[in-house]
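Participant: With our numbering, letter number 132 in the sequence shown gets 187, and the count goes up by one each step, no holes. Structure provided below as structure tokens; questions to follow.
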Amino acid sequence: MTEVLVVAGPAAAGEYVADILARAIQTDPETVLGLATGSTPLPIYAALAERVRTEGIDVSSVSGFALDEYVGIDPAHEQSYHHVIDAEVTQTLGLNPERVHVPSGNPDTLESAGAAYEEAIRAAGGVGWQILGIGANGHIGFNEPGSPIDSLTRQVPLTEQTRQDNARFFDSIDDVPRHAITQGVGTILRAGHLFLLAFGEHKADAVARAINGPVSPEIPASAIQQHPNVTVLLDAAAASGLDAAEYTVVTGTPAGV
Numbered sequence: 056m057t058e059v060l061v062v063a064g065p066a067a068a069g070e071y072v073a074d075i076l077a078r079a080i081q082t083d084p085e086t087v088l089g090l091a092t093g094s095t096p097l098p099i100y101a102a103l104a105e106r107v108r109t110e111g112i113d114v115s116s117v118s119g120f121a122l123d124e125y126v127g128i129d130p131a132h133e134q135s136y137h138h139v140i141d142a143e144v145t146q147t148l149g150l151n152p153e154r155v156h157v158p159s160g161n162p163d164t165l166e167s168a169g170a171a172y173e174e175a176i177r178a179a180g181g182v183g184w185q186i187l188g189i190g191a192n193g194h195i196g197f198n199e200p201g202s203p204i205d206s207l208t209r210q211v212p213l214t215e216q217t218r219q220d221n222a223r224f225f226d227s228i229d230d231v232p233r234h235a236i237t238q239g240v241g242t243i244l245r246a247g248h249l250f251l252l253a254f255g256e257h258k259a260d261a262v263a264r265a266i267n268g269p270v271s272p273e274i275p276a277s278a279i280q281q282h283p284n285v286t287v288l289l290d291a292a293a294a295s296g297l298d299a300a301e302y303t304v305v306t307g308t309p310a311g312v
């Protein structure tokens, strides 16, 4: 079932998801989180870190699996997702670095990196809670339009639009990698619960097509329709392509948490 909630903005969405994740970790100290990068999930990490600090939540046994990584980038590079996840998630939440995983973008090991990452996720018991953003073209992770719905972790080429969108993080477009390794759509669908967040009018069309359009590789995020446990959190602008009857406006925190 896809639950669509409209909240006041990114901070409210972060508080909402953090409440749920905090209770999940307290219930199961070995909770496995699916980690997204970019600006969209940052309010979740900030709000969850505050709960960990103020409520004394033990996160020493929590595991995390990042969605993706650039191919051919030094893990120490400030724009590598190894670096970003370490700075924005591992250190922020106080996770054990040995339990936080990012797929390897090493060109020398790409042939086996996807299968190795899939096995690591399986060995951890699978992702319990997957955080997702959505691209304006409907991508999730680095699964660009055309990605098979049953795809697994693999190397993918990045579209020019995605490279342009990410160029703001680099010195120039020429520095943006042309390939990435990403969890597949099928990998993402194996998680126990999906949180998909989107903010801004530029995401409205992709959101509407993901929720209401046909399930299609051309809109990879449309695959969420096949998952039994999905929570979509939007601001009013991102929800502008939906009918009011299709979502619930939320002004507080989740009931019972």
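For each residue, glycine too, the CB sits at the ideal point set by N, CA and C. Small disclaimer: the values here were computed from a predicted structure and weren't measured.
So, is residue 142 buried or exposed, given that buried needs 16 or more other C-beta atoms within 10 angstroms?
Facilitator: Counting Cβ neighbours within 10 Å, residue 142 comes out exposed, since fewer than 16 surround it.
Participant: Kindly indicate which residue of 289, 226 and 225 has the alpha-carbon position closest to the one of residue 256.
Facilitator: Per the Cα distances, 289.
Participant: Hey, residue 240 and residue 206: beta-carbon distance below 9 Å or not?
Facilitator: For residue 240 and residue 206, yes; Cβs fall inside 9 Å.
Participant: So, helix, strand or coil for residue 235, using DSSP?
Facilitator: If DSSP states are grouped into helix, strand and coil, residue 235 belongs with the strands.
Participant: In the DSSP assignment, find the alpha helix (DSSP H) that holds residue 72 and state where it starts and stops.
Facilitator: Run containing residue 72: 65-82, per the alpha helix (DSSP H) assignment.
Participant: Using the C-alpha atoms, what's the distance from residue 164 back to residue 130?
Facilitator: Near 14 Å, if we compare the C-alpha coordinates of residue 164 and residue 130.
Participant: Quick check: the segment 228-236 against the segment 208-218, are there 3 or more CB pairs under 8 Å?
Facilitator: These segments touch.
Participant: Which ranges does the beta strand (DSSP E) cover as unbroken runs of at least 3 residues, wholly within the segment 119-183, from first to last along the chain?
Facilitator: For the segment 119-183, whole beta strand (DSSP E) runs of length 3 or above, ordered along the chain, are 123-125.
Participant: At the level of alpha carbons, what is the spacing between residue 58 and residue 292?
Facilitator: Distance between the alpha carbons of residue 58 and residue 292 is about 17 Å.
Participant: Find out if the Cβ-Cβ distance for the pair residue 60, residue 211 is shorter than 9 Å.
Facilitator: It is not a contact, given that the beta carbons lie outside the stated cut-off.
Participant: With DSSP collapsed to three states, give me the class of residue 224.
Facilitator: Here residue 224 sits in helix by DSSP.
Participant: Alpha carbon to alpha carbon, what distance is there between residue 56 and residue 283?
Facilitator: Roughly 5 Å between the two C-alpha positions.
Participant: Please confirm if the segment 123-137 is in contact with the segment 97-104, defined as three or more CB-CB distances below 8 Å between the two stretches.
Facilitator: No, because fewer than three Cβ pairs between the segment 123-137 and the segment 97-104 fall closer than 8 Å, the two stretches do not touch.
Participant: Could you compute how far the alpha carbon of residue 105 sits from the alpha carbon of residue 62?
Facilitator: Looking at the two C-alpha atoms, the distance is approximately 20 Å.
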